[in-house]
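Asks: Heads up, the working numbering is the position in the sequence shown plus 5, with the first residue counted as 1. Quick reminder that beta carbons are idealized off the backbone N, C-alpha and C, glycines included. Please read all numbers here as calculations on a predicted model, not as lab measurements. Sharing a structure, written as structure tokens. Questions coming.
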Amino acid sequence: MDEFTLNGKTVLVTGASSGIGKETALLIHRYGARVILTGRNADRLATVINRITTQASEPEPSTGKPALSDSCLVIQADLTVESEMDRLINELPRLDGIVHCAGIVGPLPAKFITQPDIDRMFAINYHVPVNLTGKLLRKKKIADHASLVFMSTIATRNPYFGGALYSSSKAALEAYSRTLALEMTPKGIRSNFIMAGLVDTPMIENPSEKNMQDEALQRYLKRYPLGIGKPHDVAGSILFFLSDASRWITGTSLILGGE
Numbered sequence: 006m007d008e009f010t011l012n013g014k015t016v017l018v019t020g021a022s023s024g025i026g027k028e029t030a031l032l033i034h035r036y037g038a039r040v041i042l043t044g045r046n047a048d049r050l051a052t053v054i055n056r057i058t059t060q061a062s063e064p065e066p067s068t069g070k071p072a073l074s075d076s077c078l079v080i081q082a083d084l085t086v087e088s089e090m091d092r093l094i095n096e097l098p099r100l101d102g103i104v105h106c107a108g109i110v111g112p113l114p115a116k117f118i119t120q121p122d123i124d125r126m127f128a129i130n131y132h133v134p135v136n137l138t139g140k141l142l143r144k145k146k147i148a149d150h151a152s153l154v155f156m157s158t159i160a161t162r163n164p165y166f167g168g169a170l171y172s173s174s175k176a177a178l179e180a181y182s183r184t185l186a187l188e189m190t191p192k193g194i195r196s197n198f199i200m201a202g203l204v205d206t207p208m209i210e211n212p213s214e215k216n217m218q219d220e221a222l223q224r225y226l227k228r229y230p231l232g233i234g235k236p237h238d239v240a241g242s243i244l245f246f247l248s249d250a251s252r253w254i255t256g257t258s259l260i261l262g263g264e
């Protein structure tokens, strides 16, 4: 169906160098979008671009024809640095969609939380998407009827040991997304968020990047009868929110938990 294609749409994906951001960039490009990738790791971004280039000549799933848009753009930036965020914004064209995938986890028991921990978690998980969205709106870089997708977590409703800080940052983002949806209705701009459960990303695969002890991780996995998710599972839902198939949905959430 044409409603599920992204032909003619330009979409920015933050945190596009790995995990959900990477898979989202690959998938929405396959469905016709012009994709703009941003992230901090240049080597990983180059890998994603190589993948996009490889799939550019493959048939678009919905039509069986090559994707109408085989273009993409990479803008390396650390969005916690305001000057780099401003540089990114100045280089961006008008956007039909934004996917805010950049974020961190970092479990920490409540009694050990300090101000630097709060600052770091909220800087990336809350301040970056909120500041980026606000600046883009003021610069009129977001087209009417665009779709904005924020990443949250089921942990805002189902708490886990050590998740107070992470869940708080995402709960704040959920409230922002709902309010943004209300304020943007005159322009037809939609704002939704995805409440994802545990997803098989480099944080789980790579021991050097683990954010959970093995014992705690195994205990947590038992809460997922359908198993933990894959980045592609989340990317498919993001595709839906970006497409015109969800044009009557705003200010809401989608739970992806496999339970």
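Classify Gly44 as helix, strand or coil using the three-state DSSP reduction.
Replies: strand
Asks: Inspect the CB distances between the region 78 to 87 and the region 29 to 48 and report whether three or more fall short of 8 Å.
Replies: Taking 8 Å as the limit for Cβ pairs, the verdict is that the region 29 to 48 does touch the region 78 to 87.
Asks: Do the CB positions of Asp249 and Glu87 come within less than 8 Å of each other?
Replies: no
Asks: According to DSSP, is Arg143 part of a helix, a strand, or is it coil?
Replies: helix
Asks: Return the CA-CA distance between Cys77 and Ala21, expressed in angstroms with no decimal places.
Replies: 12 Å
Asks: Go ahead and pull the three-state DSSP assignment for Val86.
Replies: coil
Asks: Hey, how far is the Cα of Gly256 from the Cα of Pro114?
Replies: 31 Å
Asks: Hey, quick one: how far does the beta strand (DSSP E) through Arg105 stretch, first residue to last?
Replies: With the sequence shown as reference, residue 105 is identified as His, and Arg is not the correct amino acid for it. Leu100 to His105 is the extent of the beta strand (DSSP E) around His105.
Asks: Beta carbon of Tyr181, beta carbon of Pro112: below 8 Å?
Replies: Judged by their CB atoms, Tyr181 and Pro112 are not nearer to each other than the 8 Å cut-off.
Asks: Would you check if the distance between the CB atom of Tyr131 and the CB atom of Ser196 is smaller than 8 Å?
Replies: Contact: no.
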